[in-house]
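The block underneath contains the structure these notes are about, expressed in structure tokens.
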Amino acid sequence: MKLEQWQSAWQQLTGAGSPFEVVTQPGSGSKHFRHTAAHVWAAIDSGRVHGEREFLVWEQQRLTFSQFFDQVDRLAGQLVHRFGVRQGDRVAIAMRNQPAWLVAFAAIQRCGGVCVPLNSWGLRDELFHGLQDSGARLLLCDEPRLHLLDGDLREQGLATIVVGLSAGQLLAEHCQRLEDLLAAPVLTAPALKVTADDPAMILYTSGTTSLAKGVLSTHGAVCQALVALEFQGAFCALSSPERISVVINCGYAPTTLMAVPLFHVSGLHAQFLLALRSGRRLLLMYKWDVEKALDLIRDEHCTQFNGAPVMMQQLLTSPRFGTADTKSLFGLGLGGAAPSSSLLAHLTQRKPEAVGGSGYGLTESNGICAAIGGDQFVYKPAAAGWPLPIVDVRIGD
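All residue numbers for the sequence shown refer to the working numbering, where the first residue is 19 and numbers rise by one.
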């Protein structure tokens, strides 16, 4: 019986001595994975092993893992020695998806700073609220966000690092160009001394009032969530061997098209951080455009796409889907909102051999709660999935 096989795979992965061993905390009774990184920087730094493999593709830019970490190390040294960033300092990011966003996040973690990703789609008032509410002492932003906040930044004198400005463009006294910092002599950041209970990031989520609420997550919480997401991938592979074998033998390098924003857990945790750790290539999109997405899938032999239901609907209904343009695409994941029954039927019918999946999570839980994928997704496509191993669910009224 399939269900018994799935339960066996689950137990095999979470049992004593396994990579995803789950233990219970004495006293509180809470569950956690035994084997996790000590802090977010340790989780990130494990990606160095992928060396000269290509990591990021964005517009005309291409970075290997080694080139990415070189920029991270250079920026981290500048943050510490030029801007005085210390452990616990809030450092904000406000820019659209691009390699500099990822470099900035990793560099902030290398310094022990608390990263504050702001909604780059937000208006001036929303962005300024995030800066004030979080207590950010430094901002890394792109040119459009600089123009939105220019008056506020000048008035506050907030130190700002700007991405993408031309070398000859005049800057206010409080601003520096990221490109100049990366070209400066290398300065080494001191050894990191953060613990699992120290704050790692503040993500903003919509609340019951007009202003977004900041959700503070510790290093331990983020690292536990990353392992939970990796567990779901391992469980899908172990319990859906025939589907996974098609992907493994397809001949294409694991490559994810990333069109969701990095200021949400779906982009930051489930795509960026997991790709960094596993050696997966990321194709970054500045903003969603289904035709450009299909061009990238075709030209870069993309194997995985995760997106909101409306994005998936546009992809599946395109005349180009199912042609040679999408021959490399085997993974299709849903998140961010509940999909319609017609979309689920469409997904499973248009590419029946695909490894489909979806999940449910919260910003407050670093994106984890329940997940489903592979054969289980075909069996119950409308389900949110099983609660992940460290999640307890209570049903009440």
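The C-beta atom is built at its ideal place from N, Cα and C for all residues, glycine as well. Note that the structure is a prediction, hence the values are computed from the model and not measured.
Nearest-angstrom Cα separation, counted from residue j out to residue i
i: PHE302; j: PRO162; result: Residue identity differs from the one stated: residue 302 is Leu in this sequence, not Phe. So the alpha carbons of these two residues sit roughly 18 Å apart.
i: MET19; j: GLN25; result: Residue placement at MET19 is poorly supported in this model, since its pLDDT is 48, which falls under 50; the coordinates still yield a value, given next. One C-alpha to the other measures close to 10 Å.
i: ALA311; j: ALA239; result: 33 Å
i: VAL283; j: PHE83; result: 22 Å
i: ALA214; j: ASN384; result: 15 Å
i: TYR295; j: GLU173; result: A small fix is needed here, since residue 295 is Arg in this sequence, not Tyr. Distance between the alpha carbons of ARG295 and GLU173 is about 40 Å.
i: ALA55; j: PHE123; result: 17 Å
i: LEU171; j: LEU141; result: 15 Å
i: THR381; j: ALA243; result: 11 Å
i: PRO135; j: GLU22; result: 42 Å
i: CYS387; j: ALA246; result: 9 Å
i: SER184; j: ARG80; result: 20 Å
i: ALA60; j: SER360; result: 42 Å
i: ASN267; j: GLU260; result: 11 Å
i: LEU149; j: SER358; result: 37 Å
i: GLY379; j: PRO405; result: 10 Å
i: PRO37; j: HIS50; result: 12 Å
i: LEU422; j: ASP415; result: Any question about residue 422 goes unanswered here, given that the chain covers just 19 to 415.
i: THR344; j: ARG368; result: 11 Å
i: ALA177; j: SER138; result: 18 Å
i: GLY131; j: PHE339; result: 43 Å
i: VAL41; j: GLY35; result: 11 Å
i: TYR304; j: GLN96; result: 26 Å
Counted within 10 angstroms of its Cβ, other Cβ atoms place residue i as buried (16 or more) or exposed
i: PRO44; result: exposed
i: TYR397; result: exposed
i: VAL90; result: buried
i: ASP63; result: buried
i: ASP410; result: exposed
i: ASP422; result: The structure shown has nothing for residue 422, since the chain only spans 19 to 415.
i: ILE126; result: buried
i: THR341; result: exposed
i: TRP76; result: buried
i: ILE179; result: buried
i: HIS192; result: exposed
i: ILE111; result: buried
As assigned by DSSP and simplified to three states, the class of residue i
i: MET113; result: coil
i: ARG316; result: helix
i: SER446; result: Residue 446 lies beyond the residue range present for the chain, which begins at 19 and ends at 415; the question has no answer from this structure.
i: SER376; result: strand
i: GLN79; result: strand
i: ASP107; result: coil
i: ALA305; result: Sequence inspection shows Lys at residue 305; the Ala mentioned does not correspond to that position. Note: LYS305 maps to coil in three-state DSSP.
i: GLN322; result: strand
i: THR344; result: helix
i: THR32; result: helix
i: MET19; result: The predicted model places MET19 with a pLDDT of 48, which falls under 50 and marks its position as unreliable; any figure quoted below should be read in that light. Three-state DSSP puts MET19 in coil, outside helix and strand.
i: ARG128; result: helix
i: THR366; result: helix
i: TYR222; result: strand
i: PRO337; result: coil
i: CYS159; result: strand
i: CYS133; result: strand
i: HIS50; result: strand
i: ALA388; result: strand
i: GLN43; result: coil
i: GLU144; result: helix
i: ILE179; result: strand
i: GLN174; result: helix
i: PHE73; result: strand
i: SER228; result: coil
i: PRO405; result: strand
i: THR206; result: coil
Rounded Cβ spacing between residue i and residue j (contact assumed at less than 8 Å)
i: VAL265; j: GLY349; result: 7 Å
i: CYS241; j: VAL58; result: 7 Å
i: GLN250; j: GLY391; result: 7 Å
i: GLY375; j: GLY354; result: Actually they do not touch by this definition, with Cβ atoms about 13 Å apart.
i: ILE220; j: VAL212; result: About 15 Å; that fails the 8 Å criterion.
i: LEU157; j: PRO117; result: Wrong, their Cβ atoms sit about 18 Å apart, outside the cutoff.
i: ALA207; j: CYS133; result: The pair is not a contact, with the Cβ atoms about 15 Å apart (cut-off 8 Å).
i: ALA230; j: THR223; result: 6 Å
i: LEU196; j: VAL181; result: 5 Å
i: VAL204; j: ARG100; result: With a Cβ gap of about 12 Å, VAL204 and ARG100 do not count as contacting.
Problem - Segment contact, 8 Å Cβ cut-off, at least three pairs: the segment 303 to 320 with the segment 259 to 276 - result: Verdict: yes, contact present.
Handout entry: Cβ contact (3+ pairs, closer than 8 Å) linking the segment 24 to 41 and the segment 243 to 257
Key = Because the criterion of three Cβ pairs below 8 Å is met, the segment 24 to 41 and the segment 243 to 257 touch.
Practice task
Would you be able to state if there are at least three C-beta pairs under 8 Å between the segment 98 to 108 and the segment 329 to 338?
Solution key: No, the segment 329 to 338 is not in contact with the segment 98 to 108.
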